[in-house]
Amino acid sequence: MTSDRLIFRQDVLGSRRFSNYWWAAVSSIGGIGFLLAGISSYLQTNLLIVSDTSSLQFIPQGVALLFYGIAGSLLALYQWFTVILNIGGGYNEFNKQTNKLTIFSLGVSWQESSS
Numbered sequence: 021m022t023s024d025r026l027i028f029r030q031d032v033l034g035s036r037r038f039s040n041y042w043w044a045a046v047s048s049i050g051g052i053g054f055l056l057a058g059i060s061s062y063l064q065t066n067l068l069i070v071s072d073t074s075s076l077q078f079i080p081q082g083v084a085l086l087f088y089g090i091a092g093s094l095l096a097l098y099q100w101f102t103v104i105l106n107i108g109g110g111y112n113e114f115n116k117q118t119n120k121l122t123i124f125s126l127g128v129s130w131q132e133s134s135s
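In our numbering, the protein residues as written are 21 to 135.
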């Protein structure tokens, strides 16, 4: 066997998938929209292009919109950090020469194991 056949390395796709980009963008747009709607109800001025939320009462509608806006924005921030750091990406390496299996994954604490 050649040295190329003794070591087999398989790349693992992490969080940089189209679906993660899509949902991070959707969460960002939704979170910012709810946040602006809540701020609009507090300031009594329209900050949105698509609708007029300045006529909403701040308590309870505006507070609820602010809460969902903050939650959506934090979720979007988490999703973007996950995509940027490529959590879960890495490789699996099978080495017949040393009889070791190495699993390397970004953002995940794994130990090297042998079998």
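The beta carbon of each residue, even a glycine, is placed where N, CA and C say it ideally should be. Note that the structure is a prediction, hence the values are computed from the model and not measured.
The beta-bridge partner set that DSSP reports for V32 consists of G110.
In this chain, the beta strand (DSSP E) harbouring T122 covers 120-125. Sixteen is the threshold: since fewer than 16 other Cβ atoms of the shown chains lie within 10 Å of the Cβ of T65, the residue is exposed. Straight through space, the alpha carbons of N119 and G50 are spaced by roughly 50 angstroms.
Residue pairing from DSSP places N115 in a beta bridge opposite I27, K120. The continuous alpha helix (DSSP H) containing G92 extends over residues 83-105.
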